[in-house]
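What follows is a short report on a single structure.
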Amino acid sequence: MITRRLVLAGAAALAFTTSASADDWKAKYPELTFAVIPAENASGVTERWAPFMNYLSKELGVKVTLRIANDYAAVIEGQRAGNIHIASYGSASFARARLTGVKTDAFANDINADGSTGYYSVFFVKASSPYKSVDQLKGKNLGLVDPNSTSGNNVPRFELDKMGITDADTYFSKVVFTGSHENAILALAQGTVDVAANQWTSDDDSTLAQMLTKGMLKNADGSPMKKDDFRIIHKSAPIINGPYAYNSDLPEDAKAAIAKAFFDAPAKDKAAFDRLQDGQKKGFHPATTKDWDGTIELIKFVDALRKKKAS
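What the sequence shown shows, in mature numbering (1 follows the signal peptide of the UniProt record, and there is no 0), is residues -22 to -1, 1 to 289, in sequence order.
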C-alpha cells in the first residue's frame, strides 16, 4: 500500500539525488580558471576582476581563480589545452579560437549603459595634431594593439582596406603592436605613434575614458590630460561586444551554474559587477556561439590580406 509517508520519503530521496547529481561537477572541477586579456596593466586588471572572482566562487561553490593572460593567443591556447575553463574574449580572438578548433562556447556578453551590445573601433589622434583624416597620415606611425585584437587590429585593417589602404605596413612609416589597449593610448599620448586604434563605446565608456579617470595620461608639463586632448578621426561600423565563453567539455550543470551566476551578478553583487566596467555596463546579455559567425568572416578577410602580402 502506498502511503503518504512513502510518497514523501520518495520525493525527499529524489530531491537528494537530484541535488547530489547537480553537484557532481564540483568534485571533478574543485577549481575553475577564468582568463582575461590585458586591456590594462596587470595591477589594474586584478583590482577590477578580483571582486567578481570572489562573487563567482561564492555562487558556484568552487574556487574561481583569475589568470591574466599575456595576450589573446594565450587565452586561445589555454582553452585549447583545457587549462582555462572560462574566458573573457574579444570578438576577433573568439572567432580565431573557433577557426582553429578550440572547443569553446559563448554564453554571454556585456550590455552597455544604453542597452546596446556593441562598440566601435576608432582611430585616435591628439587634438593638437593637424590630422583630421586617415589620408593625412601616410608615412606616419600607427599604433595597434595585438594581432588578435578586434578593435585594435582586425577591424582597423578592414577599415583601412575600405579606404584603399590594402597594406598598412607600407602606407604608414611604422606599424607598432603595443600589446594592450592602454599601451596604444599611452603611445599616442607620449608621441611614439601619431595615430592609435582602440575600442570605443561612448565618450564615457572606452579605454581612453578609463585611463583619464585613473589619471594615467599626462602632458609634458605633468598636468593631467583631458578628453578634449584627443580626437577621433574615424569610427567603424558597430562590433558585437566580445563574449564570455566556457569550455565546451564542461558538464552541462557547470555551464548552467556559470551562466546563471553571470546573469544574477548585477542584482546579487552590484559592487563587484560595477567594478568590472567602472559602472558603464548594465548587465550580461545571453549569447550563443553563432552570434560571432560574422566575425569569423572578418578574420578570414584579414587572413587573406596577410597571405596576399606574403605572396
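Ideal Cβ placement from N, Cα and C applies to all residues, glycine included.
Predicted, not measured: the structure shown is a model, and the values here were computed from it.
| Under 8 Å between the Cβ atoms of R13 and A47? | In the sequence shown, residue 13 corresponds to position 35, counting from 1. In the sequence shown, residue 47 corresponds to position 69, counting from 1. Note that residue 13 is Ala in the sequence shown here, rather than Arg. Yes, these two residues count as a Cβ contact at 8 Å.
| message | If distances are taken between C-alpha atoms only, which option among Q255, A265, K104 comes closest to T185? | response | Numbered from its first residue, the sequence shown carries residue 185 at position 207. Answer by Cα proximity: Q255.
| field | Own chain residues within Cβ distance below 7 Å of K118, not counting five before or after | value | The residue given as residue 118 occupies position 140 in the sequence shown. Excluding sequence neighbours, K118 sits near F150, S151, D172, V173.
| query | When the Cα atoms are used, what is the spatial distance from F155 to D1? | reply | Residue mapping note: residue 155 aligns to position 177 of the sequence shown, counting from 1. Residue mapping note: residue 1 aligns to position 23 of the sequence shown, counting from 1. The alpha-carbon atoms of F155 and D1 are separated by roughly 44 Å.
| message | Counting beta carbon pairs with one atom in the region 50 to 65 and one in the region 267 to 276, are three or more of them shorter than 8 Å? | response | As far as the Cβ criterion goes, the region 267 to 276 does not touch the region 50 to 65, which means the pair count is below three.
| query | Which value, in whole angstroms, describes the spacing of the CA atoms of L283 and P134? | reply | Taking the first residue of the sequence shown as position 1, residue 283 is located at position 305. Taking the first residue of the sequence shown as position 1, residue 134 is located at position 156. L283 and P134: Cα-Cα distance of roughly 13 Å.
| query | So, are the CB atoms of N219 and N87 less than 8 Å apart? | reply | Numbered from 1 along the sequence shown, position 241 holds the residue referred to as residue 219. Numbered from 1 along the sequence shown, position 109 holds the residue referred to as residue 87. It is a contact, given that the beta carbons lie within the stated cut-off.
| Got a sec? Which residues, its chain only, sit under 7 Å from L77 by beta carbon, not counting five neighbours each side? | As a working note, residue 77 is residue 99 in the sequence shown. Only I274, I277 meet the Cβ criterion.
| Whose C-beta lies closer than 6 Å to the C-beta of Q258 among residues of the same chain, with five residues either side of it excluded? | For this step, residue 258 is matched to residue 280 along the sequence shown. Result list for Q258: A91, D183, in chain order.
| For H63, the three-state DSSP class (helix, strand or coil) | To locate residue 63, count along the sequence shown from 1; it is residue 85. Note: H63 maps to coil in three-state DSSP.
| request: Identify whether L120 lies in helix, strand or coil by the three-state DSSP scheme. | output: Indexing the sequence shown from 1 puts residue 120 at position 142. Three-state result, L120: strand.
| task | Let me know the alpha helix (DSSP H) ranges lying completely inside the region 78 to 144, each 4 residues or longer, listed in chain order. | result | 133 to 140
| query | I think H159 touches N176, with their Cβ atoms under 8 Å apart; what is that distance to the nearest whole Å? | reply | Here the question's residue 159 lines up with position 181 in the sequence shown. Here the question's residue 176 lines up with position 198 in the sequence shown. Contact flag correct, Cβ pair sits at about 6 Å.
| message | By DSSP's criteria, P202 is part of a beta bridge. Which residues make up the other side? | response | For this step, residue 202 is matched to residue 224 along the sequence shown. According to DSSP, which records beta bridges pairwise, P202 is partnered with K196.
| task | Specify whether the region 63 to 80 and the region 162 to 171 touch according to this definition: at least 3 beta carbon pairs, one from each stretch, less than 8 Å apart. | result | Too few Cβ pairs lie closer than 8 Å, so no.
| said: Would A265 and F85 be called neighbours here (beta carbons separated by less than 8 Å)? | reply: Translated into positions along the sequence shown, residue 265 becomes position 287. Translated into positions along the sequence shown, residue 85 becomes position 107. Cβ atoms of A265 and F85: closer than 8 Å.
| field | Outcome for P216 when other beta-carbon atoms lying within 10 angstroms are tallied against a minimum of 16 | value | The count along the sequence shown starts at 1 and reaches residue 216 at position 238. Exposed, by the Cβ-count rule.
| field | Heavy atom of the ligand MN within 7 Å of D139 beta-carbon | value | Absence of the ligand MN is noted for the structure shown, with no ligands found whatsoever.
| Run through DSSP, which three-state label would residue 293 get? | The question about residue 293 has no answer, for the chain in this structure spans -22 to 289.
| request: Count the other C-beta atoms from every protein chain shown that fall within 10 angstroms of the C-beta of P221, then say buried if there are 16 or more, exposed otherwise. | output: By one-based count along the sequence shown, residue 221 stands at place 243. It counts as buried.
| request: Count the other C-beta atoms from every protein chain shown that fall within 10 angstroms of the C-beta of G121, then say buried if there are 16 or more, exposed otherwise. | output: Your numbering for residue 121 matches position 143 in the sequence shown. With 16 or more other Cβ atoms within 10 Å, it is buried.
| task | Counting only the same chain and skipping the five closest in sequence on each side, list residues whose C-beta sits under 6 Å from that of V(-16). | result | Taking the sequence shown and counting its residues from 1, one reaches residue -16 at position 7. Reliability fails at V(-16), whose pLDDT of 47 lies under 50, so the model's placement of it is uncertain and the value that follows must be treated cautiously. Correct list: empty, nothing qualifies.
| Using the rule of at least 16 other Cβ atoms within 10 Å of the residue's Cβ for burial, across every protein chain shown, is A(-14) buried or exposed? | Numbered from 1 along the sequence shown, position 9 holds the residue referred to as residue -14. With a pLDDT of 49 at A(-14), under the threshold of 50, the modelled position of this residue cannot be trusted; read the value that follows with caution. Under this definition A(-14) is an exposed residue.
| said: How far does the alpha helix (DSSP H) with L223 in it extend, from its first residue to its last? | reply: Translated into the one-based positions of the sequence shown, residue 223 becomes position 245. Strictly speaking, residue 223 in this sequence is Ala, with Leu absent from that position. Per DSSP, A223 belongs to no alpha helix (DSSP H); it is in the beta strand (DSSP E), 221 to 225.
| request: Please determine if the region 27 to 39 and the region 237 to 247 are in contact, where contact requires at least 3 C-beta pairs separated by less than 8 Å. | output: yes
| task | Rank A70, Y67, K4 by C-alpha distance to the C-alpha of V42 and give the top, closest one. | result | Residue mapping note: residue 42 aligns to position 64 of the sequence shown, counting from 1. That would be K4, whose Cα lies nearest to the Cα of V42.
| query | Where does N32 sit, in a helix, a strand or coil, going by DSSP? | reply | The residue you call residue 32 lines up with position 54 of the sequence shown. The DSSP-derived three-state label of N32 is helix.
| At which residues does the alpha helix (DSSP H) containing V280 begin and terminate? | On the sequence shown, position 302 is the one that residue 280 refers to. Where V280 is concerned, the enclosing alpha helix (DSSP H) stretches over 271 to 288.
| So, are the CB atoms of A70 and T128 less than 8 Å apart? | Counting from 1 along the sequence shown, the entry for residue 70 is found at position 92. Counting from 1 along the sequence shown, the entry for residue 128 is found at position 150. In this structure, T128 lies closer than 8 Å to A70 by Cβ.
| field | CB-CB length for F101 against I210, believed under 8 Å | value | Reading the sequence shown from its first residue, position 123 is the one you call residue 101. Reading the sequence shown from its first residue, position 232 is the one you call residue 210. Correct: roughly 7 Å between the Cβ atoms.
| message | I need the boundaries of the alpha helix (DSSP H) containing F251, first residue and last residue. | response | For the purposes of this step, residue 251 is taken as residue 273 along the sequence shown, with counting starting at 1. Here the alpha helix (DSSP H) through F251 covers 248 to 254.
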